[in-house]
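Next comes the structure, spelled out in structure tokens:
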């Protein structure tokens, strides 16, 4: 390895360390009230950016909202955040979202995501499992701008629809595939 490559690698490592340390301090909410407030505010951010998400909420049985997920990695990485399961305006329970990954990755970022559970089957699956791994169980469609243009509330056929929003940081790409969502006590 050349001197310049070592220097570049040390700069990247330092940036990842600093970014992930500051981001990880904000990954979890301090109290149930904070988490509830943050989740409601996150939904408003999503609805403002993607009005179709608000239309979808009217037909959803419940919504899992994770207002701030923190992701950091250098070859090996992970993400963590806490959220709520909302049925209407009422918070039913609190959950965490955990993902591990490996591969070509370097950096840190934060983002939020919401999963609109459209069927009783999907809602009951989340309630009854000891940990729901996204990609196993109910069918989840991650909605991006292209998919959103082709959806309407009358064409919805899948169990759940996920929206990723409010991305910030130095890491490219976000996926919730393989994420494990588990019930937590608050």
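In mature numbering (1 follows the signal peptide of the UniProt record, and there is no 0), the protein residues as written are -32 to -1, 1 to 154.
All C-beta atoms in this analysis are idealised placements derived from N, C-alpha and C, irrespective of residue type, glycine included.
Note that this is a predicted model, so its numbers are computed, not measured.
Query                                                                                                            : Result
Under 9 angstroms between C-beta atoms of residue 4 and residue 52                                               : yes
Contact set for residue 153: own chain, Cβ-Cβ below 8 angstroms, skip 5 residues either direction                : 62
Where residue 125 sits in the DSSP three-state scheme                                                            : coil
4-residue-minimum alpha helix (DSSP H) runs that sit fully inside the stretch 12 to 57, ordered along the chain  : 19 to 25
Close Cβ partners of residue 148 (< 6 angstroms) along its chain, the five nearest in sequence each way excluded : 66, 99, 101
Residue closest to residue 54, alpha-carbon to alpha-carbon, out of 74, 48, 10                                   : 10
Beta-bridge pairing of residue 156 - partner residues as DSSP gives them                                         : Residue 156 lies beyond the stretch modelled for the chain, which goes from -32 to 154, so this question has no answer here.
For residue 109, the first and last residue of its enclosing beta strand (DSSP E)                                : 108 to 110
Pair within 9 angstroms by beta-carbon distance, residue -1 and residue 94                                       : no
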